[in-house]
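J.: So in the numbering used here, the last one in the sequence shown is 790, and the numbering has no gaps at all. Every residue gets a Cβ at the ideal spot worked out from N, C-alpha and C, and that includes glycine. Questions regarding the structure given below will be posed in turn.
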Amino acid sequence: MSKNILLLPGDGIGPEIVAEARKVLDRANDLYGLALAFDQAAVGGCSIDRCGVPLDDATLAKARAADAILMGAVGGPQWDGLERSLRPEKGLLKLRSELQLFANLRPAILYPQLAEASTLKAEVVAGLDILIVRELTGGIYFGEPRGIRTLESGEREGYNTYRYAEHEIERIGRNAFAMAMQRDRRLCSVDKANVLEATVLWREVMQRLAAEYPAVELSHMYVDNAAMQLVRAPKQFDVIVTGNMFGDILSDAAAMLTGSIGMLPSASLDKDRRGLYEPCHGSAPDIAGKGMANPLATILSAAMMLRYSLDLAPAAQAIEAAVGRVLDQGLRTADIYTAGCRKVSTAEMGDAVLAALE
Ligand code: IPM
Ligand code: MG
Numbered sequence: 433m434s435k436n437i438l439l440l441p442g443d444g445i446g447p448e449i450v451a452e453a454r455k456v457l458d459r460a461n462d463l464y465g466l467a468l469a470f471d472q473a474a475v476g477g478c479s480i481d482r483c484g485v486p487l488d489d490a491t492l493a494k495a496r497a498a499d500a501i502l503m504g505a506v507g508g509p510q511w512d513g514l515e516r517s518l519r520p521e522k523g524l525l526k527l528r529s530e531l532q533l534f535a536n537l538r539p540a541i542l543y544p545q546l547a548e549a550s551t552l553k554a555e556v557v558a559g560l561d562i563l564i565v566r567e568l569t570g571g572i573y574f575g576e577p578r579g580i581r582t583l584e585s586g587e588r589e590g591y592n593t594y595r596y597a598e599h600e601i602e603r604i605g606r607n608a609f610a611m612a613m614q615r616d617r618r619l620c621s622v623d624k625a626n627v628l629e630a631t632v633l634w635r636e637v638m639q640r641l642a643a644e645y646p647a648v649e650l651s652h653m654y655v656d657n658a659a660m661q662l663v664r665a666p667k668q669f670d671v672i673v674t675g676n677m678f679g680d681i682l683s684d685a686a687a688m689l690t691g692s693i694g695m696l697p698s699a700s701l702d703k704d705r706r707g708l709y710e711p712c713h714g715s716a717p718d719i720a721g722k723g724m725a726n727p728l729a730t731i732l733s734a735a736m737m738l739r740y741s742l743d744l745a746p747a748a749q750a751i752e753a754a755v756g757r758v759l760d761q762g763l764r765t766a767d768i769y770t771a772g773c774r775k776v777s778t779a780e781m782g783d784a785v786l787a788a789l790e
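This is the structure we're talking about:
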């Protein structure tokens, strides 16, 4: 039975990096007989240009029917002036929420070859292997009421609501504990329980779940301290679990530990592990079309897709190993370039991973 993958290249560098991931998947498909079948659709700004909305019903229906989704990135300055409900980002947020992709896995792994590319000292980041588990369909990103209103005084006020129901905390918690069980069995829950009630409940639920996973060592950290610890001594972490907004911020910080955000893949999963896979970085409009973007985060996202949603772990491993070999060969896109290496374009990097697959 074939496995249907929906490609959503999106905007900016999205099409370039998804094209490289597609090449790699096509080769893996041939080499290992994976029975992958591809379809493609528009999301974000390119969808707005085509049909007026960032995610139309036809694309949403395709996304629902697919076995897995591989996305590039959305957004760009040409759509920044649009009304909020029509912004490219809304397409992505709607996909996450409509498909109930509540569990966002963002692994930050430092390839030893890239220790020099990190802005942190090599000894601080060498051997880094962190997994951030971010809640993705709740919290302040989706909480109602929200909006910008005019007060009686005539002054305008912007407001959002940070809320988490117990079941939302519980399901992301269970996911994070399960991930920790497969790793070093240390889970750090990040909250702001000294100020925000929603995260007092978050902490309480995590504590309760801990009784079900006695093998996992649970700790708690306030988000401000977690941000500091991530850049001070990142190797103290194994798995971090946190809410939507804190996870957004901390995962960008974690990305830089690995040398470049261009290296960070992600998976967004529903309760049955169906999911959407995308690089953590954005659409980088400033370098779009220049052949400079790093396709590795997208290629590594494709590998995560094979592992988590399609049950093809050996092929996933082969792709990850190929990325390692290409880095061994000294090939670097501009974002991870250091002296003595060979600077390559987006397509050259994709081709090199292809060649290293055999
Ligand atoms: C991310 C991005 C998105 C987010 C944006 C594009 C809506 O920053 O995936 O981290 O905030 O979740
Ligand atoms: Mg982000």
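Quick one: grab the DSSP three-state call for K703.
T.: Of the three classes helix, strand and coil, the one that applies to K703 here is coil, per DSSP.
J.: May I ask you to verify whether the stretch 519-535 touches the stretch 696-714, counting CB pairs closer than 8 Å and requiring at least 3?
T.: yes
J.: Quick check on F534: does DSSP put it in helix, strand or coil?
T.: In the structure shown, F534 sits in coil (DSSP, three-state: anything other than H, G, I, E or B).
J.: Do the stretch 618-626 and the stretch 647-657 make contact, defined as three or more Cβ pairs closer than 8 Å?
T.: yes
J.: Comparing alpha-carbon positions, which option in D512, R606, D499 lies nearest P646?
T.: R606
J.: Report the CB separation of A699 from A540 in whole angstroms; it is logged as a contact under 8 Å.
T.: A699 to A540, Cβ: 13 Å. No contact.
J.: To the nearest angstrom, report how far apart G571 and R595 are at their CA atoms.
T.: 5 Å
J.: Look at the Cβ atom of G504, then the Cβ atom of L568, and state whether they are nearer than 8 Å.
T.: no
J.: Say the cut is 7 Å; is the CB of D680 nearer than that to a heavy atom of the ligand IPM?
T.: yes
J.: In the DSSP output, what is G675 paired with across the bridge?
T.: Beta-bridge pairing links G675 to no other residue.
J.: Could you tell me which residues DSSP puts in a beta bridge with S651?
T.: C620
J.: Using a 10 Å radius around the Cβ and a threshold of 16 neighbouring Cβ atoms, would you call R516 buried or exposed?
T.: exposed
J.: Please tell me whether L738 and L732 are closer than 8 Å, where the distance is taken between their beta carbons.
T.: no
J.: Mind checking whether K494 and D471 have CB atoms under 8 Å apart?
T.: yes
J.: Please identify the residue among N657, V673, D656 whose C-alpha is closest to the C-alpha of L641.
T.: With distances taken between Cα atoms, L641 lies closest to V673.
J.: What span of residues does the beta strand (DSSP E) with V565 cover, start to end?
T.: 561-567
J.: Could you tell me if the beta carbon of D684 falls within a distance shorter than 7 Å of some heavy atom in the ligand MG?
T.: yes
J.: Would you grab the beta carbon distance between T690 and V450 for me? Rounded to a whole angstrom, and I think it's under 8 Å.
T.: The pair is not a contact, with the Cβ atoms about 21 Å apart (cut-off 8 Å).
J.: Between A625 and the rest of its own chain, which residues show a CB-CB distance below 8 Å, the 5 nearest in sequence each way excluded?
T.: Excluding positions up to five away in sequence, the list reads T631, V632, W634, R635, H652, Y654.
J.: Within 10 Å of its beta-carbon, does I580 have 16 or more other beta-carbons around it, so buried, or fewer, so exposed?
T.: exposed
J.: Classify Q661 as helix, strand or coil using the three-state DSSP reduction.
T.: Helix.
J.: Within 10 Å of its beta-carbon, does G762 have 16 or more other beta-carbons around it, so buried, or fewer, so exposed?
T.: exposed
J.: Can you determine whether any heavy atom of the ligand IPM sits closer than 7 Å to the C-beta of G570, and answer yes or no?
T.: Taking 7 Å as the cut-off, one finds no heavy atom of the ligand IPM near enough to the beta carbon of G570.
J.: Checking the sheet assignment: what are the DSSP bridge partners for T582?
T.: R588
J.: Write down every uninterrupted run of the beta strand (DSSP E) in the stretch 464-532 whose length is 3 residues or greater and which is fully enclosed by it, in chain order.
T.: Entirely contained in the stretch 464-532, the beta strand (DSSP E) runs reaching 3 residues are, in chain order, 468-472, 500-505.
J.: Does the ligand IPM have even one heavy atom less than 7 Å from the beta-carbon of L524?
T.: Flag set: Cβ of L524 near the ligand IPM.
J.: For C478, verify whether its CB is less than 7 Å away from any heavy atom of the ligand IPM.
T.: no
J.: Which same chain residues end up closer than 7 Å to Q668 when comparing Cβ atoms and leaving out the 5 residues on each side of it in sequence?
T.: Q661
J.: May I ask whether a heavy atom of the ligand IPM can be found less than 7 Å away from the beta carbon of E530?
T.: no
J.: Classify L518 as buried or exposed, calling it buried when 16 or more other Cβ atoms lie within 10 Å of its own Cβ.
T.: exposed
J.: Going by the beta-carbon positions, is the gap between P727 and E555 smaller than 8 Å?
T.: no
J.: What are the boundary residues of the alpha helix (DSSP H) that includes L759?
T.: Element bounds for L759: 745-760.
J.: For T409, which residues from the same chain have a beta carbon less than 7 Å from its beta carbon, with the 5 sequence-adjacent residues on both sides left out?
T.: Summary: the structure shown does not reach residue 409, with the chain confined to residues 433 through 790, and so no result is reported for it.
J.: One question on the structure: do G782 and V456 come within less than 8 Å of each other, judged by their Cβ atoms?
T.: Cβ distance < 8 Å, so G782 and V456 count as in contact.
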